[in-house]
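A.B. asks:
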Amino acid sequence: MIGLLNRLFTRAEPVLSEASARDAAVISSLHALSFRRGWSEHEIEALLIDRNVVTHRATSGRTLAGFILSRLIDEEAEILSVAVAPAWRGRSLGRNLLNLHLRRLAGLGVSAVFLEVGESNTPATKLYERAGFHEVGRRENYYQETAAKGSTAVVLRRDLA
Ligand SMILES: CC(C)(COP(=O)(O)OP(=O)(O)OC[C@H]1O[C@@H](n2cnc3c(N)ncnc32)[C@H](O)[C@@H]1OP(=O)(O)O)[C@@H](O)C(=O)NCCC(=O)NCCS
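Number 164 marks the last residue of the sequence shown (my numbering); no jumps.
(1) Which residues bound the beta strand (DSSP E) around Leu-118?
(2) How long is the line joining the alpha carbons of Ser-154 and Ala-127, rounded to whole angstroms?
(3) What did DSSP end up calling Ala-150 once you bin it into helix, strand or coil?
(4) Mind checking whether Gly-64 and Ala-15 have CB atoms under 7 Å apart?
(5) Beta-carbon within less than 8 Å of Asn-55's beta-carbon, same chain only, minus the 5 sequence neighbours each way: which residues are those?
(6) How would you call Gly-69, buried or exposed, if buried means at least 16 neighbouring beta carbons within 10 angstroms?
(7) Considering just the uninterrupted stretch of the beta strand (DSSP E) at Ala-68, what are its terminal residues?
(8) Using only alpha-carbon positions, find the residue among His-59, His-34 and Arg-25 that is nearest to Val-18.
(9) With hydrogens ignored, establish whether the beta-carbon of Asn-124 is closer than 6 Å to any heavy atom of ligand 1.
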């Protein structure tokens, strides 16, 4: 009985795989939970069926635990979004998703990956620094936090070749 209860209440370790258009609704929900401006299910679905977009997901049972999504342009890629569900944050899932994603991009012939991150977003900045990204630019007042004050976006790059 105790074994059964343990199995029911212990979250399965997330499994990483490529996402498909069927994941649009759950990715849209996690995106809305993680960012000030959410993407609609329709916007996410359009990305998921775009042949130049690569998306990975982490699922724990039937629950989406995280995702990462990039757009490819020639030999470069831009990470458009990455998020881990609050219950799974700080448990290396972001790192595992990013590593798998970068390996896949390298396999597709991508030589450089770019992204923008809010200057004050410490978990994301640490995640990218650990993965070998470095700063190549800044956009002041990029994210509008209040009517009067925006926050700086840092542009990061990592070479894969
Ligand atoms: C950014 C995000 C994806 C990281 O996912 P995660 O699974 O928590 O990341 P990991 O557990 O793999 O940790 C990655 C690094 O961040 C650090 N970190 C995680 N949570 C942290 C926190 N709350 N404060 C400080 N550092 C933190 C970890 O210590 C680790 O650094 P280390 O390797 O130097 O120890 C997650 O926090 C998230 O979804 N945030 C909201 C959406 C977002 O901001 N996305 C990024 C947009 S650019």
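A virtual CB, placed ideally from N, CA and C, is assigned to each residue, including glycine.
C.D. replies: Concretely, from the data shown:
(1) Its beta strand (DSSP E) spans residues 115-121.
(2) 15 Å
(3) Since pLDDT at Ala-150 reaches only 48, below the 50 mark, its modelled position is unreliable, and the value read off the structure follows with that caveat. In the structure shown, Ala-150 sits in coil (DSSP, three-state: anything other than H, G, I, E or B).
(4) yes
(5) Arg-74, Leu-75 and Ile-76
(6) buried
(7) 66-76
(8) His-59
(9) yes
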